[in-house]
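Below: the structure, in structure tokens.
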Amino acid sequence: MKTAITSTTIFLSILFLMLGMVSISCAQDQEMEPADTEFYEPEPPVISAGENTSIDAPSDAIILFDGTDLSNWESVNGGEAEWDIEEDGAMTVVPGTGNIQTKESFGDVQLYIEWRSPMNMEHKGQNRGNSGVFLQKIYELQVLDAHENPTYINGMAGSIYKQTSPLANPTRKPGEWETYNISYKAPRFNEDGSMKEPARITVIWNGVVVQNNTEIYGHTPYIGYPEYNKHGKAPIMLQDHNSKVSYRNIWIRPLDNDQFSIKDHLE
Ligand code: MG
312 MKTAITSTTI FLSILFLMLG MVSISCAQDQ EMEPADTEFY EPEPPVISAG
362 ENTSIDAPSD AIILFDGTDL SNWESVNGGE AEWDIEEDGA MTVVPGTGNI
412 QTKESFGDVQ LYIEWRSPMN MEHKGQNRGN SGVFLQKIYE LQVLDAHENP
462 TYINGMAGSI YKQTSPLANP TRKPGEWETY NISYKAPRFN EDGSMKEPAR
512 ITVIWNGVVV QNNTEIYGHT PYIGYPEYNK HGKAPIMLQD HNSKVSYRNI
562 WIRPLDNDQF SIKDHLE
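In the working numbering, the protein residues as written are 312 to 578.
Shown next as structure tokens:
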């Protein structure tokens, strides 16, 4: 009897402790404001990109979008991707239809993608030409009109959203095509679910390195700090943020070939 009471007491104590931890973490999220993770300095220098920064796909690339159809994509809400295909070979967000994602899942990749901000000048800041390229569906490389459109620097184009600002701002004008050439190393996790190695990303925007082997600190929420939760391969996702942002010439190369390294021969 005594043993039973002790076990029950221990069980209840653990239960209350867990409930307490859950309520504390909820309280932390509730207390945080979006502005807590928005920073305005130092402003990346505005520079002029070279004229032609478009790159054709190499022979081993998987073509995710060639201007003709969305057969490699699906809506995150289930069913077909409902974005528009334009006459000029672009795909354009149809506001309200939701994010789209690749049918295939990926880990380490080189991802090349071209994007274009709409000419619509009605909005400003985060509401002007907002979209995003999400690696593994949860790590957002921001897409935003960065031409004379001030916003927090860790939320401008070329930033890892709400994390790291770009090293420079080589933006073109709205209506002109921009290029992202991305090299991405997925995070590694331990068996127990803890993070073993963070994700890393290099981003070349219009031919200019704007993220240089940058550590990604976790997911990229609007409110709150980044966190890691164990996951495996996952789709590339493009964001519907109510702006008619366009994309074209999208290709990807999974980076999982074997390599030789001198490391094992060094003492
Ligand atoms: Mg976005």
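C-beta: ideal position from N, C-alpha, C; glycine also.
Exercise for the section: Confirm the yes/no value for this check: CB of Gly443, any heavy atom of the ligand MG, distance under 8 Å. Expected result: Judged by the Cβ position, Gly443 qualifies as a neighbour of the ligand MG at the 8 Å threshold, a heavy atom of the ligand being closer than this.
Practice task
Please classify Gln447: does DSSP put it in a helix, a strand, or coil?
Solution key: coil
Exercise for the section: Could you tell me which of Asp380, Met402 and Lys435 sits nearest to Trp426, measuring between CA atoms? Expected result: Checked all of Asp380, Met402 and Lys435; the closest Cα to Trp426 is Met402.
Exercise for the section: Report the three-state DSSP secondary structure of Ala346 (helix, strand or coil). Expected result: Secondary structure at Ala346: helix, using DSSP grouped into helix, strand and coil.
Problem - Which of helix, strand or coil DSSP assigns to Asp395 - result: strand
Handout entry: Leu446 beta carbon near the ligand MG (any heavy atom closer than 8 Å)
Key = no
Practice task
Check whether the Cβ of Val404 lies closer than 8 Å to any heavy atom of the ligand MG, and answer yes or no.
Solution key: For the ligand MG, not one heavy atom lies less than 8 Å from the Cβ of Val404.
Practice task
Count the other CB atoms, across all protein chains shown, that sit within 10 Å of the CB of Lys473; report buried if there are 16 or more and exposed otherwise.
Solution key: buried
Problem - Beta-carbon proximity of Gly518 to Ala360, cut-off 9 Å - result: yes
Practice task
For Ala338, collect the residues of the same chain with a Cβ closer than 8 Å to its Cβ; drop the 5 residues on either side in sequence, then sort them by chain order.
Solution key: Reliability of the predicted coordinates at Ala338 is poor, the pLDDT of 47 falling under 50, and the value obtained from them is presented with this limitation in mind. Hits under 8 Å: none found.
Exercise for the section: Give the DSSP bridge partners of Pro498, in chain order. Expected result: Partner(s): none; Pro498 has no beta bridge.
Practice task
Confirm the yes/no value for this check: CB of Val520, any heavy atom of the ligand MG, distance under 8 Å.
Solution key: no
Problem - Limits of the unbroken beta strand (DSSP E) element including Ser505 - result: From DSSP, Ser505 is part of no beta strand (DSSP E); its letter is neither H nor E.
Practice task
Tell me, please, which residues DSSP counts as bridged to Ser557.
Solution key: Beta-bridge pairing links Ser557 to Thr403 and Arg427.
Problem - Burial state of Thr348 (16 or more Cβ within 10 Å) - result: buried
Practice task
Reducing DSSP to helix, strand and coil, say where Gln550 ends up.
Solution key: coil
Problem - Any 3 or more C-beta pairs closer than 8 Å across the region 483-492 and the region 509-523 - result: yes
Problem - Where the beta strand (DSSP E) containing Leu375 begins and where it ends - result: Ile373 to Phe376
Practice task
May I ask you to check if the CB of Glu433 is nearer than 8 Å to at least one heavy atom of the ligand MG?
Solution key: The nearest non-hydrogen atom of the ligand MG is 8 Å or more from the C-beta of Glu433.
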